[in-house]
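Position 10 (the sequence shown) corresponds to 10 in UniProt numbering; numbering is contiguous.
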Amino acid sequence: MADETNEVSAPASEPAAAATSTPRPAFASRGPRPAGGPGGPGGPGGRPAGPGGPGGRKFFRRKKVCKFTVEKIDKISYRDVRLLQGFVSERGKIIPRRLTGTSTHFQRKLTQAIKQARNIALLPFAARF
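Following this line, the structure appears as structure tokens:
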């Protein structure tokens, strides 16, 4: 034991001083973000790459109008299957107002007519597989 030498270790204040002398960034640098916003190309915030890009024409959304008010249709008959099929998807679901542009009044009448037509088997309840 006499042969052992006691080495004096560095004081505890030196490592703490070294850490504060070179400030560490709050977050790691990841480089530039991919084009297209937060979600990348095709993500939730991105724009699709394709025609109409920089300097192209802006997309003009046409205002939806109610087919029944334009054509002055007062009554929606459950027997008019051809008309009703235009408001039912391939899966047999009733297409919502926001997609068809139908007014609230006629959407309610349309829903009732479609349900009546389904009950007497003029329209299918579900898709044919």
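Quick reminder that beta carbons are idealized off the backbone N, C-alpha and C, glycines included.
Based on Cα-Cα distance, which residue from 120, 82, 107 lies nearest to residue 94? The option with the nearest alpha carbon to residue 94 is 107.
Taking Cβ positions, are residue 126 and residue 101 nearer each other than 8 angstroms? Taking 8 angstroms as the cut-off, the beta carbon of residue 126 is found no closer than this to the beta carbon of residue 101.
Close-in-space but distant-in-sequence residues of the same chain around residue 134 (CB under 6 angstroms, 5 per side omitted): Summary: the structure shown does not reach residue 134, with the chain confined to residues 1 through 129, and so no result is reported for it.
Assigned exposure category for residue 68 - 16 Cβ within 10 Å defines buried: Under the 10 Å beta carbon count, residue 68 is surrounded by 16 or more other beta carbons and is classified as buried.
Would you decide whether residue 99 is buried or exposed? Buried here means 16 or more other CB atoms lie within 10 Å of its CB. Its Cβ having fewer than 16 others within 10 Å, residue 99 is exposed.
Straight-line Cα distance separating residue 63 from residue 82: In this structure, the straight-line span from the alpha carbon of residue 82 to that of residue 63 is close to 24 angstroms.
Which of the three DSSP states is assigned to residue 73 in this structure? Coil.
How many angstroms separate the CA atom of residue 65 from the CA atom of residue 24? Looking at the two C-alpha atoms, the distance is approximately 59 angstroms.
One question on the structure: do residue 121 and residue 76 come within less than 8 angstroms of each other, judged by their Cβ atoms? Residue 121 places its beta carbon 8 angstroms or farther from that of residue 76.
Please report the residue range of the alpha helix (DSSP H) in which residue 64 lies. Looking at the DSSP string, residue 64 is not in any alpha helix (DSSP H), and its letter there is neither H nor E.
Local conformation of residue 95 per DSSP, three classes: It is coil, neither helix nor strand.
Pull up the CB-CB distance for residue 129 and residue 110, whole angstroms please, since I reckon it's below 8 angstroms. Residue 110 and residue 129 do not touch by the CB rule: their CB atoms are close to 26 angstroms apart, not below 8 angstroms.
Between the Cα of residue 84 and the Cα atoms of 57, 123, 70, which residue gives the shortest distance? The candidate whose alpha carbon is nearest that of residue 84 is 123.
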